[in-house]
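Counting along the sequence shown from 1, when you hit position 359 you're at 378 in our numbering, and nothing is skipped either side.
Quick reminder that beta carbons are idealized off the backbone N, C-alpha and C, glycines included.
If you're wondering where the values come from, they're calculated on a predicted model, not measured in any experiment.
Working notes, beginning with the structure itself.
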Amino acid sequence: MTYDLIVRRARLRDGRLVDIGVTEGRIVAIEAELAGEATETIDAAGRLLSPPLIEPHCHLDAALTEGLAGHNETGTLLEGIQRWAQTKPQLTVEAVKERAKRAIEWYASQGALVIRSHVDVCDPNFVGLRALLEVREEMRHLVDLQLVAFPQEGILSYPRGAELLEEALRMGCDVVGAIPHYETTREMGVESLRIAFELAERYDRPLDAHCDETDDDQSRFVEVMAAETIRRGLQGRVVASHTTAMGSYNNAYAFKLFGWLKRAELNIIANPPDNSILQGRFDTYPKRRGMTRVKELLAFGINVAFGHDSVMDPWYPLGTGNMLHAAWLGLHMAQLSGYDEIPLVWDLITTNAAKALGILDRYGIEIGKPANFVVFDAASDRDALRMLSPALWCVKDGRVVSRATAPRVEVWRGEDFVMIRYERPGEGLLLGG
Ligand code: FE2
Numbered sequence: 020m021t022y023d024l025i026v027r028r029a030r031l032r033d034g035r036l037v038d039i040g041v042t043e044g045r046i047v048a049i050e051a052e053l054a055g056e057a058t059e060t061i062d063a064a065g066r067l068l069s070p071p072l073i074e075p076h077c078h079l080d081a082a083l084t085e086g087l088a089g090h091n092e093t094g095t096l097l098e099g100i101q102r103w104a105q106t107k108p109q110l111t112v113e114a115v116k117e118r119a120k121r122a123i124e125w126y127a128s129q130g131a132l133v134i135r136s137h138v139d140v141c142d143p144n145f146v147g148l149r150a151l152l153e154v155r156e157e158m159r160h161l162v163d164l165q166l167v168a169f170p171q172e173g174i175l176s177y178p179r180g181a182e183l184l185e186e187a188l189r190m191g192c193d194v195v196g197a198i199p200h201y202e203t204t205r206e207m208g209v210e211s212l213r214i215a216f217e218l219a220e221r222y223d224r225p226l227d228a229h230c231d232e233t234d235d236d237q238s239r240f241v242e243v244m245a246a247e248t249i250r251r252g253l254q255g256r257v258v259a260s261h262t263t264a265m266g267s268y269n270n271a272y273a274f275k276l277f278g279w280l281k282r283a284e285l286n287i288i289a290n291p292p293d294n295s296i297l298q299g300r301f302d303t304y305p306k307r308r309g310m311t312r313v314k315e316l317l318a319f320g321i322n323v324a325f326g327h328d329s330v331m332d333p334w335y336p337l338g339t340g341n342m343l344h345a346a347w348l349g350l351h352m353a354q355l356s357g358y359d360e361i362p363l364v365w366d367l368i369t370t371n372a373a374k375a376l377g378i379l380d381r382y383g384i385e386i387g388k389p390a391n392f393v394v395f396d397a398a399s400d401r402d403a404l405r406m407l408s409p410a411l412w413c414v415k416d417g418r419v420v421s422r423a424t425a426p427r428v429e430v431w432r433g434e435d436f437v438m439i440r441y442e443r444p445g446e447g448l449l450l451g452g
């Protein structure tokens with residue numbers, strides 16, 4: 020049998036060492052010592068082969084705009100919003116496309132081959148949206164991109180916000196967005212969600228709202244999202260992003276809320292890089308962490324994923340689109356450091372995110388599924404998280420779309436330089452075989 024591609028000696032997340040055969044963009048064989056030839060062969064040498072990482076929450080229309088309207092000197096959310104307002108009039112379709120494409124290459128080359136990006140539709144000219152609709156097509160070889168129509172300045176608090184949101188769906192957005200906590204009043208926030216859910220039903224699209232992204236313990240829109248989801252029978256199709264206020268709720272309310280989130284099958288996306296920096300800014304000490312209750316939500320059986328959110332924009336000046344950075348930081352912020360918790364964090368940027376994005380039916384290392392996977396320079400998910408390992412081969416639809424060389428580190432041992440790896444003696448890769 021001749022395959023298009025065989026990856027030999029790949030270590031799956033469950034520890035099995037297998038060869039993977041790919042033909043016509045699909046996984047057609049997973050077995051130890053697969054017989055047959057291939058046009059292209061990769062020797063993974065015992066390295067981790069994972070389904071692609073997923074970036075479930077970012078803003079590609081803002082990516083790499085840091086500094087365009089001056090730098091965020093205070094580092095706060097409020098100055099970020101002000102800088103973005105100054106940046107928006109400068110945006111052009113071509114420049115947004117150029118930056119978004121670079122950011123996508125950064126994400127993909129580090130293992131993220133699926134991206135959900137919000138795009139600001141509070142703009143009668145739809146500059147960002149027109150750019151990203153083209154980018155979605157032009158970058159299909161690297162990533163599957165979902166676009167959320169995101170009313171950054173409000174559905175009801177921005178002139179013609181609801182009309183613009185609906186127009187963005189007609190133009191081709193995949194997902195309906197909202198930002199209820201940003202609307203002027205509680206009542207407007209609730210009404211904005213009703214409008215967003217109405218559109219989600221009418222246009223048959225999933226919904227992903229920025230929700231309760233504040234330290235205000237009175238910001239309780241996620242309960243409205245749960246209620247609307249159940250009332251309309253949209254279980255599993257709704258994401259509440261951020262929900263940082265949950266970190267400030269009293270426990271009696273939070274645990275009552277968990278029951279409703281679970282019944283609604285709501286997905287929660289936490290964004291450790293942005294929220295660890297932007298929240299808690301009005302606190303002195305003790306100072307809040309700016310995160311939703313990741314560990315407790317998971318323990319309750321609610322689906323949680325991690326997003327990176329920003330890459331060099333007015334809100335967050337750092338980042339290279341490496342989802343391992345987001346997961347590594349999230350692991351710390353959520354204290355998911357128990358021995359068996361560490362590999363679970365990998366789920367938050369893979370399978371849990373795939374579930375939140377509604378793509379589980381075509382995601383994973385299984386015969387018949389699209390050949391999308393990544394080989395990391397580590398022997399396990401646990402090690403890849405610990406070492407922030409590079410993605411050596413990224414394969415999308417059966418084609419290698421990104422490759423990297425493992426960094427070579429040599430240390431002086433008194434007589435000569437010796438190559439070292441950050442693995443304990445006796446553990447690690449099958450090098451030299
Ligand atoms: Fe966001």
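- Excluding sequence positions up to five before and after Gly180, its CB lies within less than 6 Å of the CB of Pro170, Gly173 and Ile174, all in the same chain and listed in chain order.
- About 6 Å separates the Cβ atoms of Val437 and Glu429, confirming a contact at the 8 Å cut-off.
- In this structure, the CA atom of Asp142 is about 14 Å from the CA atom of Val167.
- Residue environment: Gln354 is assigned as exposed (fewer than 16 neighbouring CB atoms within 10 Å of its CB, all protein chains considered).
- Less than 8 Å divides the Cβ of Gly65 from the Cβ of Arg28.
- Annotation for Leu218: the continuous alpha helix (DSSP H) segment containing it runs Arg205 to Arg221.
- Relative to the non-hydrogen atoms of ligand 1, the Cβ of His160 never comes closer than 7 Å to any of them.
- Rounded to the nearest angstrom, the Cβ distance from Asp227 to Ala264 is 17 Å, too far for a contact under 8 Å.
- Nearest neighbour of Ala403 by Cα position, chosen from Asn341, Gly377, Gly266 and Leu83, turns out to be Asn341.
- With a threshold of 16 other beta carbon atoms within 10 Å, Ala271 falls short and is exposed.
- A straight-line Cα-Cα distance of about 38 Å links Arg45 and Asn294.
- For Glu85, the CB contacts under 7 Å within the same chain, skipping 5 residues up- and downstream, are Met331, Asp332, Pro333 and Pro336 in chain order.
- Within the chosen limit of 7 Å, ligand 1 does not reach the beta carbon of His200 with any heavy atom.
- Taking Thr370 as the centre and dropping the five residues before and after it, the same chain places the C-beta of Pro70, Leu379, Tyr382 and Gly383 closer than 8 Å to its C-beta, in chain order.
- In summary, Thr424 is exposed, with fewer than 16 beta-carbon neighbours lying within 10 Å of its beta-carbon over all protein chains present.
- In this structure, the C-beta of Ser260 approaches ligand 1 to less than 7 Å from one of its heavy atoms.
- With contacts defined as CB atoms closer than 8 Å, Arg300 and Thr95 qualify as a contacting pair.
- Contact check between the stretch 217-226 and the stretch 178-193: three or more CB pairs, one atom from each, fall below 8 Å, which counts as touching.
- Just so you know, the alpha carbons of Gln254 and Glu50 end up roughly 37 Å apart.
- The DSSP-derived three-state label of Asp402 is helix.
- Closest in alpha carbon position to Val112, among Leu79, Ser128 and Asn91, is Leu79.
- With a beta-carbon spacing of about 7 Å, Gln298 and Arg307 fall inside the 8 Å limit used to define contacts.
- Counting every other CB atom within 10 Å of its CB across the protein chains shown gives Thr106 a total of 16 or more, marking it as buried.
- Between Leu367 and Val323 the beta-carbon gap is near 6 Å, inside 8 Å, which marks them as a contact.
- Here Gly89 has Arg102 and Gln105 as same chain residues with Cβ atoms under 8 Å from its own Cβ, once five neighbours each way along the sequence are excluded.
- Here Asp366 carries a helix assignment [DSSP, helix/strand/coil].
- Taken atom to atom, the span from the alpha-carbon of Ala81 to that of Ala375 is near 23 Å.
- With 16 or more other Cβ atoms from the protein chains shown falling within 10 Å of its own Cβ, Ile73 counts as buried.
- In the assembly as shown, Gln109 is an exposed residue. Its beta-carbon has fewer than 16 other beta-carbons within 10 Å.
- With respect to the 8 Å criterion, Leu151 and Ser136 are classified as neighbours on the basis of their beta carbons.
- Around the beta carbon of Ala318, fewer than 16 other beta carbons sit within 10 angstroms, so the residue counts as exposed.
- Note on the stretch 229-257: whole alpha helix (DSSP H) runs with a minimum of 4 residues are 240-251, in chain order.
- The DSSP-derived three-state label of Ala131 is strand.
- Taking 8 Å as the cut-off, the beta carbon of Ser260 is found no closer than this to the beta carbon of Ile214.
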